Amino acid sequence: MAFNLADGCSLIFQWVFIPWLQRELDGYKDHVNNSAKRHDCNKVLPHGVPNLIYESPEDFWALDFKIILEPSTIDHVRSTYIDPDHALFDLVPQEFGHFIQDYYHELGRPSVNRQSAWTVYLHLHHTISRLYEQLPPVVLTDNEDDPLPLLENHQDLPFHKNDDRDYYMGGDDEPDVGDNYLEGLDHAGLVVWEFSEDEDEAVVDEW
918 MAFNLADGCS LIFQWVFIPW LQRELDGYKD HVNNSAKRHD CNKVLPHGVP NLIYESPEDF
978 WALDFKIILE PSTIDHVRST YIDPDHALFD LVPQEFGHFI QDYYHELGRP SVNRQSAWTV
1038 YLHLHHTISR LYEQLPPVVL TDNEDDPLPL LENHQDLPFH KNDDRDYYMG GDDEPDVGDN
1098 YLEGLDHAGL VVWEFSEDED EAVVDEW
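When we follow the numbering used here, the leftmost residue of the sequence shown carries the number 918, and every step to the right adds one.
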């Protein structure tokens, strides 16, 4: 697919902002998971630093429901079902990534943070616009998905026709299942019980 300037705006944005936002999210996650929350007397779950509770739940009078997976098992699944060189894992198309990386080095590899992200983006956008004619002729991959065969001893989704079209599983696309699904539904109707209005009385449980 041919490259145009509108693609450049989107690709530069992805190249600059996605890694920065991911670092911000990682930092927030680390902060939250390593900080004790404000004590809540209505909370029945353990109080304390989440990472400490995760590592030693018995120290917080909690049960341990973790399911431990060996790293070698995860590595095996990755090597079996994931192609790390697939274009899906590229932040931007490889040709464009090499191109923009060179000019990022020319800018002095400025740090990308909350104060500088837009400045770095504008500098790169200015460079891309000025050197438009030097861009790689093809940098975008098509939108077609590679075929994904079924796993051994597994069946396809119900009502999925044997063709190459996308399969919609939403509630608006009613499958052709005949009248069999009506069996057992010829009852008098549902009985709805009357519930109390305790929640309207601002009753708070004491723990």
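Backbone N, C-alpha and C fix where the C-beta goes; we use that ideal spot for every residue, glycine too. Remember, it's a predicted structure, so these values are computed and weren't measured experimentally.
Item, Value
"Tell me whether the beta-carbon of leucine 938 lies closer than 8 angstroms to the beta-carbon of phenylalanine 1013.", "no"
"Tell me the residue span of the alpha helix (DSSP H) that contains aspartate 1143.", "Absent from the model: residue 1143. The displayed extent of the chain is 918 to 1124, so no value can be given."
"Looking at the secondary structure, which residues open and close the alpha helix (DSSP H) in which alanine 1034 lies?", "1034-1047"
"Could you pull out every residue in the same chain whose Cβ sits closer than 7 angstroms to the Cβ of phenylalanine 930, ignoring the five residues on either side in sequence?", "Tyr1038"
"Check the C-beta distance from isoleucine 970 over to phenylalanine 977 and give it rounded, since I have them as a contact under 8 angstroms.", "5 angstroms"
"When the distance is taken between beta carbons, is valine 961 closer than 8 angstroms to serine 952?", "no"
"Check this for me: beta carbons of alanine 987 and aspartate 981, under 8 angstroms apart or not?", "The residue you asked about is not alanine; residue 987 is glutamate in the sequence shown. Not in contact: glutamate 987 and aspartate 981 (Cβ atoms no closer than 8 angstroms)."
"What first and last residue would you give for the alpha helix (DSSP H) that runs through glutamate 972?", "967-972"
"Along the chain, where does the alpha helix (DSSP H) that runs through aspartate 982 open and close?", "According to the sequence displayed, residue 982 carries phenylalanine and not aspartate. Looking at the DSSP string, phenylalanine 982 is not in any alpha helix (DSSP H), and its letter there is neither H nor E."
"If I'm right that valine 933 touches valine 1029 with Cβ under 8 angstroms, what's the distance once you round it to whole angstroms?", "6 angstroms"
"Between the alpha carbons of aspartate 1126 and valine 949, how many angstroms are there, rounded?", "Look at the range of the chain in this structure, 918 to 1124, and you will see that residue 1126 is not part of it."
"Suppose contacts are defined by Cβ-Cβ distances below 8 angstroms. Is tyrosine 1020 in contact with threonine 1036 by that definition?", "no"
"Just to confirm, is the Cβ distance from leucine 1024 to histidine 1042 under 8 angstroms?", "no"
"When the Cα atoms are used, what is the spatial distance from valine 1056 to leucine 1008?", "With a pLDDT of 46 at valine 1056, under the threshold of 50, the modelled position of this residue cannot be trusted; read the value that follows with caution. Roughly 12 angstroms between the two C-alpha positions."
"What number of angstroms, rounded off, separates the C-alpha of arginine 1047 from the C-alpha of arginine 1026?", "19 angstroms"
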